[in-house]
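Taken in order, the sequence shown gives residues -6 to 163; the numbers are from this note's numbering.
C-beta atoms are modelled at their ideal positions from N, C-alpha and C, and glycine is treated no differently.
A quick note: this is a predicted structure, and the numbers were derived from the prediction, not measured.
Here the structure is laid out as structure tokens; the discussion comes afterwards.
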Amino acid sequence: MTDSLLASQFAFKAWANAELLQALAQIDGDAFPAQRERAIRLLNHTYVVDRIFAAHLQGGTHAFTASNTPQTPELVALGAAVTESDRWYADYVARLDAPAMQQTLAFRFTDGDAGSMSRQEMLFHVLAHGAFHRGNIAMLLTECDVEQPRELFTRFLHAQQPQRRAGGGA
-6 MTDSLLASQF AFKAWANAEL LQALAQIDGD AFPAQRERAI RLLNHTYVVD
44 RIFAAHLQGG THAFTASNTP QTPELVALGA AVTESDRWYA DYVARLDAPA
94 MQQTLAFRFT DGDAGSMSRQ EMLFHVLAHG AFHRGNIAML LTECDVEQPR
144 ELFTRFLHAQ QPQRRAGGGA
């Protein structure tokens, strides 16, 4: 994955998370309490894993002992944390050069097992993991009669660069 593609994927992740947060805020918690709780917990799990891998990427440690927290956070607080984390990843990717991207780092999983991955592999994991769980959450939105965000990279690109709609392709 090229540096520019990786950067655009993290911008897409932030955009998709922002749309997802708007949709989550529309869930009627009285009518769909279990689905709302599950959706928030899934997003929180994604956030926790993002922060765990942010620590790994920096060669540091984190305070998490599991891939989710015991308590379910309030949606507004979680949304702010997700937005800040997405900003951190965009800034981090912008600073990395090709040799740093390929560097393999050793770390420990929350279960104590050892692991090692290149920075690029970790970053791809964060992207894929987040996309997977946004899809899970989108299914819960449907159960709650909330329209799913249209999470399409093509939609993101055209929203960010409307001139792409001008044509010029085959």
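Residue i classed as buried or exposed, judged by whether at least 16 other C-beta atoms fall within 10 angstroms
| i | result |
| --- | --- |
| A70 | exposed |
| R80 | exposed |
| Q2 | buried |
| H151 | exposed |
| A246 | The displayed coordinates of the chain run from -6 to 163. Any statement about residue 246 would go beyond what the structure contains. |
| L(-2) | exposed |
| S78 | buried |
| A163 | Confidence is the limiting factor: at A163 the pLDDT is only 44, short of 50, which leaves the residue's position unreliable and the question unanswerable from this model. |
| R112 | buried |
| F5 | buried |
Reference residue i, options the options, closest by Cα
| i | options | result |
| --- | --- | --- |
| D43 | G123, R127, T65, R143 | G123 |
| E114 | L36, H49, G105 | H49 |
| Q64 | H38, I130, L116, T103 | H38 |
| V139 | A0, M110, Q28 | Q28 |
| V75 | A107, R34, T97 | R34 |
| L133 | E12, A91, A16, F117 | A16 |
| D84 | C137, Q51, Q156, F57 | Q51 |
| E136 | K6, A24, A0, Y40 | A24 |
| M94 | F117, A107, R101 | F117 |
| F57 | L68, P66, I45, E67 | I45 |
| P142 | N129, Y82, G22 | N129 |
| T54 | L68, F100, T62 | F100 |
| Y40 | P66, P26, G22, A18 | P66 |
DSSP-derived helix/strand/coil call for residue i
| i | result |
| --- | --- |
| R101 | strand |
| A107 | strand |
| Q15 | helix |
| D21 | coil |
| V86 | helix |
| P26 | helix |
| F125 | helix |
| P65 | The sequence shown places Thr at residue 65, rather than the Pro named in the question. Looking at T65 - three-state DSSP - the assignment turns out to be coil, as it is neither helix nor strand. |
| F46 | helix |
| A0 | helix |
Whole-number beta carbon distance between residue j and residue i, since they are thought to touch under 8 angstroms
| i | j | result |
| --- | --- | --- |
| G105 | L14 | Actually they are not in contact, since the Cβ atoms of G105 and L14 sit about 33 angstroms apart, beyond 8 angstroms. |
| T103 | A59 | 5 angstroms |
| A32 | I20 | 7 angstroms |
| M110 | L98 | 7 angstroms |
| R127 | E144 | 6 angstroms |
| A131 | A0 | The Cβ separation is near 24 angstroms, so there is no contact. |
| L68 | A18 | 6 angstroms |
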